[in-house]
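Just so you know, the sequences run in chain order X and Z. What the first sequence shows, in the working numbering, is residues 1 to 775, in sequence order. What the second sequence shows, in the working numbering, is residues 1001 to 1161, in sequence order.
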Amino acid sequence: MKRFNSVNDLISYRKLLLTEGLLIPGKNRIKVCCGTACGASGSHKVVRALEDYPKSDLDIELIKTGCQGLCQKGPVMKVEPYDYFYQKVSPDKASEILSTYITGLPARDLLYRESFINPPIEKMEGVPFYKKQLRVVLRNNGRIDPCNISHHIAVGGYLAIEKIFSSMTPEQVLDEVKKANIRGRGGAGFPAGIKWGFAKKSPVSNKMVIANGDEGDPGAFMDRSVMEGDPFSLLEGMLICAYVICAHYGFIYVRHEYPLAVKNLGIAIKKAEEIGLLGKNILGTGFDFTVHIREGAGAFVCGEETALMASVEGERGFPRPKPPFPAESGLWNSPTIINNVETLVNIPYIIEKGADWFLSMGTQNSPGTKVFALTGKVVDTGLVEVPMGITLREIIFDIGGGIINNKKFKAVQTGGPSGGCIPEQYLDLPVDYDSLAKVGSIMGSGGMVVMDEDNCMVDIAKFFLSFTQSESCGKCPPCRIGTYQMLQILEKITSGNGEPGDIEKLEKLGKLVKTGSLCGLGLTAPNPVLTTIKYFREEYEEHIHDKYCRAKVCSGLGMFIIEQSECILCGLCKQACAFDAVKETRRRFFIDQDYCTRCKACYLACPTGAVKIKKKRHVRLEEVFGIPPESIEIMERRCRMTLRDILKSKPPMIVTIQKNRTIRDAVYTMSEKNVSGIFVVDENNKLASIFTERDIVRCVFNNISLDETIENIMRRDITTFDPSTEISSAITVASRKKIRHIPVVEGDNIVGMITFRDLVSYLLPEICYMSEALY
Amino acid sequence: MIIEEIEIDEQIGEVGRILSKQERKRGLLIHVLQQIQENDGYLQEEVLRRLSKNLNISLAEIYSVASFYKMFHFKPRGRKIVRVCLGTACYVRGSKKILTTLEEEFGIKNGETTEDLAMTLETVGCIGCCGLAPVTMINEEIIGEIGTKKIEGIVNAIKEE
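Here it is as C-alpha cells:
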C-alpha cells in the first residue's frame, strides 16, 4: 500500500475502496466474532472449520471481527447479505451455516430464542439484547476486521482526520469538543474539552497524550473490546487530541492481561505508520505524532492517572498529589492529557458529525452514549452501549433479559470497586453521572454487575474491599490502614463474630478513608461498604445480631436443620459432614448442634434442599411456641411497617378539644366518643397537648376541680410521632417513656391517635399464637 | 535474552529523543523486566544484578519496582499457570468454589506452586471475559462457564501432564 502524502491521497483511496466494493452491503460475507470471550468459546475453531469446508463455487468472504456484544451466547456471527444472526455456533455446524447461502433460509437451531416457546429471531436487530442499544463507540466492533486499515477507512474511519487537516484549526477542534461537553468515561466524568484546554494553554513544547486502557475494575471489559475490535478509532482519537494540544508523543497503557488488545494495537500502529496516518509527517502536513504501547504489570492503582504516569516512567505505581494536574505537568514533567480509551474513541465521531449531533444523545449534563459491561446474574451478559439517561430497569430487564432462573433482583453494582450497590427502589433511575452520584454510586468505567437474592450484600462488600485493600499501593495511611481495618471488621461479621457497634465503626472508618486518602482509589474504596450499609443495613444487622445470612453465602452463620418432610434419607449429608454432626436414627437424620461447625457441607450436599439454614431465634420460637416461621416473618415484616399503615387500618377519627375548655367538657367528649385520649388544640387549631385517662386520674388525685380549664393542667412536653416512624421504634419509644397514647403528627397537621391497644391488635394474629402457647 | 545487549534507544522508541539518558533507562525498566520474565519464567537475582549494572539503577530500586507489580515473580513457577478469575462477575457466579476445589485437589494455596513444578495456582482481578463467568485461564487458554463437571476436567487435564 502506498504512503499518503496529502489529505487528498486519503480521500481518493477511500473512493477507490468504495468503487472496488470493499465491505459494501449485499455480498456474501460471514462476520465471525473473534473477541476474547467468543474466542474462548471456540470461534477460532469455527472459522477454521468454515475455511476448510468445501464451498464449491460459493464466493464467501470470512471476516474475523472484534466483540459483537452478546458474549453469553458466543461464538456469535452475522451472515450477510441476509443479516441472519447466529449464536452458539460450533465447528460441526459449518455445513448448516454454509447451506444458508444455498437455500437463503436461516439455520433455525442457530438462531436466538428467548425461550423454548418463543419463535426464533432471525436478525440481530430483532434480538432484545440489541434493540435498545445505540452504537457509537462500538460502531465498528463487529463490522470490520480490526487489523485491516482498509476496512476501517471503507466504513468511514479517518473522516475526522480528513476534516481537521483540511479545514479546521486546533482551536476550532477544541471548541467543538468543548461544545460537545463529552465527559471522561473513566469514571470521574471530568469534561474532556476543559482538560484539553489546560494542556493547550501550557507554553511547554513537549506534550503527551495517554490513552488509559488499564481497565482493572473487575467486571469491566469495555476498553478491552474497543482496543481489540477497533484499534484504529483509538489512534484516530489520540491523533485528534495531539493535534489540538500540539503533542508529538502518545502512549497507550494496556493491561498485560489483555494480550489480544496489545497485539491488535501493535498491528494497528504499524499499519497506520506505514500508510502515513501516524508517525512522522502525517498526511504530508508536517505534523508528527508517534504512539507507543506500554503494558501494565498487574497493579490496579495504575489506572489512576498519576500512578499510571509513574508506571510509564518506570517507577513504582504510586499516585502523586494533585495539583499539579497532569494537564500542567505530567509524564516526565510534560503537560499530559490522559483520557480513557472510550472517551478518545468518541472524539472522531464528534468531529465528523459535529457537537450538536453528539448533544442530541443522552441527557443535558451527560450527553452521548456509554458502554456498559453487563454481567452477573442476568440472562444475556455482554457489552452494551446505550444513550445516557436510560433507566437501569431497561438495561437489566429489557436488554439483559432479566435475572437468571427468574430469581428476585437484589442490587446492581456500578462502577466497580469504587462504585456502590444500587437497590431495587432505584431501578427507574436514569443512568448518568449526576443521578448515580446522588444515590452514592458512580458511573465508573462502566462495569455493571447484577446481583440476585442468592448474593449476600455483606459478602459482596467484603469482596470489593478485599480487592481494594490488596490493591492499595500503601503510600498513604488512611487507605492502607483504613481499608485493612474495615476488612477485618467485615471478616468478623461474615464469619459470625460480629458485635453490636460494628456497623457504626465501619461507617466512621469509611468516612475517614474517604476524606483522608490521596488518590481516587482510596477516596472511593469505602463506597461499596457505605452503600450496602445504606441500602441493606438489615442484612448487616442480621449477620451481627441473628448470626444469620439470608443469602446463605457466609458460612459459620445460622442454625442447620434437616426438614424431615423433604428428606429422602439418602444420607449424603452424613457423608459430607466432616465433624460427625449429622446423626442417624432408624427413621431420620438430624444435626447435632453441639458438633455442627456451620461449614455448609451438608447444605451443599443435599440433593433435595432438605437441609435448611434458619435463624436460631426462629428455630426456638418454632420449637417452644410452635409458631410457624411464616407467621414470624409476617410479624417481623409488620414491625417494620410504619404508623401510617396502622392509621390506614383503623377508621379515621380525630377527636380534639379547645384548650380553654374545662376538664369536665373533656371527660364528656371522651365518654361520648368512647376514646381514651383526645388532642388539645389552641385557637388556631394547632396541637397544644393531649389529654388522656391518666390525666383524669392525676386531677382526681391532686384534688383539681373539674371546672379548671385544660390549659392550666395540660402536659406541655408531649412526644409526637411522624407517620413514617416504624412500628418497632414507636413501640420502643412508647414503652421507654411509659406512654400509652401515640399522637401522630405530620408537620402541623394532626394525623391521628394510636394507642397501645391499636399496636397490639395490629400485630395480633401472631401474638395470639404466642399467648396461646404460653398459657 | 542477553541483558548486556539491550538496545535502549531502539526499545524506548521515538519519545527517547526528549528524554535524558537516565530517564530512558528508567522508562524501559518495567518493559525489560517483563521480557526477562517472559523468557525465564521468573526474575532471577543474578539476572537482576546484571540488569542493575547495565541500566545503572540500583538493585534495591529494581526490586522496589518489581515487587510492587503483581505480575513479577521471584520464584520458579509451574509449567501450567492456572489463574482463577475472582472478578466481580465471576465471584458472583461462584468462582470461589473453583479456587477451593483446585486448592484441595492439589494441596496448594493461592499463589503457590506444586512441588514438582507442574502447576501454579493464582487468582486474577479480572480477565475481561465476564460474559462467560466464571472463568479460569490456563496459561493463555481461557475456559469459561465452569461448572462442577468442567472443574473435574480441568483437574484431570492438569494431573495428566
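The beta-carbon is built from N, C-alpha and C at its ideal position, and this holds for glycine as well. Quantities reported herein were computed from a predicted structural model and do not represent experimental measurements.
Three or more Cβ pairs closer than 8 Å define a contact, and the segment 157-174 of chain X falls short of that threshold against the segment 404-424 of chain X. If you keep only unbroken alpha helix (DSSP H) runs of at least 4 residues inside the segment 1076-1112 of chain Z, you get 1088-1092 and 1095-1106.
In the displayed model, lysine 1070 of chain Z falls within coil according to three-state DSSP, outside both helix and strand.
Residue pairing by DSSP places leucine 1121 of chain Z opposite Z:Val1082 in a beta bridge. Annotated as proximal: aspartate 230 of chain X and valine 345 of chain X, with beta-carbon spacing under 9 Å.
Distance from the Cα of glycine 1153 of chain Z is smallest, within the candidate group Z:Cys1129, Z:Val1124, Z:Ile1098 and Z:Thr1114, for Z:Ile1098. Lysine 1070 of chain Z belongs to the set of residues whose beta carbon lies under 9 Å from a beta carbon in chain X. Of the other Cβ atoms in all chains shown, 16 or more fall within 10 Å of the Cβ of proline 1134 of chain Z; this residue is therefore buried.
Leaving aside the five residues that flank glycine 219 of chain X on each side, the residues in its chain whose CB is nearer than 8 Å to its CB run, in chain order, Ala373, Thr375, Gly376, Gln413, Gly416, Gly447, Met448 and Val449. Shortest Cα-Cα distance from leucine 331 of chain X to any of X:Ala211, X:Met227 and X:Asp223 involves X:Ala211. In the pairwise beta carbon analysis, the segment 73-82 of chain X is classified as touching the segment 35-44 of chain X: at least three pairs are separated by under 8 Å. The Cβ of threonine 1088 of chain Z sits closer than 9 Å to at least one Cβ of chain X. For leucine 239 of chain X, the closest Cβ of chain Z is not nearer than 9 Å. With its beta carbon at least 9 Å from every one in chain Z, threonine 306 of chain X lies outside the interface. DSSP, read as helix, strand or coil, puts valine 439 of chain X in coil. DSSP places lysine 614 of chain X inside the beta strand (DSSP E), whose first and last residues are 611-614. By the rule that beta-carbons nearer than 9 Å mark a contact, tyrosine 1042 of chain Z does not touch chain X.
Per the Cβ contact rule, the segment 342-357 of chain X is in contact with the segment 151-169 of chain X (3 or more Cβ pairs under 8 Å). About 12 Å separates the beta carbons of leucine 647 of chain X and alanine 730 of chain X, which is beyond the 8 Å limit, so they are not a contact pair. Around the Cβ of lysine 1109 of chain Z, a 10 Å sphere holds fewer than 16 other Cβ atoms; the residue is exposed.
Under the rule that a run must span 3 or more residues, the beta strand (DSSP E) segments found entirely inside the segment 324-401 of chain X read 336-340, 369-376 and 382-387. The Cβ of phenylalanine 300 of chain X sits closer than 9 Å to at least one Cβ of chain Z. Counting the other CB atoms within 10 Å of its CB gives glutamate 563 of chain X a total below 16, which places it among the exposed residues.
Contact between glycine 1131 of chain Z and alanine 327 of chain X does not hold, since their C-beta atoms are separated by about 35 Å, which reaches or exceeds 8 Å. At a cut-off of 4 residues, the continuous stretches assigned as alpha helix (DSSP H) that sit fully inside the segment 717-771 of chain X are 727-737 and 756-762. Using beta-carbon distances, glutamine 469 of chain X does not count as an interface residue toward chain Z, since no partner is under 9 Å.
Residue state for alanine 268 of chain X is assigned as helix, using DSSP reduced to three classes. Glutamate 726 of chain X and glutamate 636 of chain X have their C-alpha atoms some 11 Å from each other.
Under the Cβ criterion (8 Å, minimum of three pairs), the segment 531-538 of chain X does not count as touching the segment 578-598 of chain X. The Cβ atoms of proline 106 of chain X and glutamate 125 of chain X do not sit closer than 9 Å to each other.
About 5 Å separates the beta carbons of leucine 557 of chain X and glycine 496 of chain X, which is inside the 8 Å limit, making them a contact pair.
Apart from sequence neighbours up to five positions away, the residues of its chain that approach cysteine 554 of chain X with a beta-carbon distance below 8 Å are Cys456, Val458, Asp459, Thr494, Ser495, Gly496 and His543, ordered along the chain.
For phenylalanine 358 of chain X, the closest alpha carbon among the candidates X:Arg135, X:Thr597 and X:Gly104 is that of X:Arg135. Interface flag for tyrosine 603 of chain X against chain Z is unset, since no Cβ pair is found closer than 9 Å. About 20 Å separates the CB atoms of leucine 235 of chain X and alanine 180 of chain X; that is not less than 8 Å, and the two are not in contact.
Using a CB distance cut-off of 9 Å, serine 311 of chain X counts as an interface residue toward chain Z.
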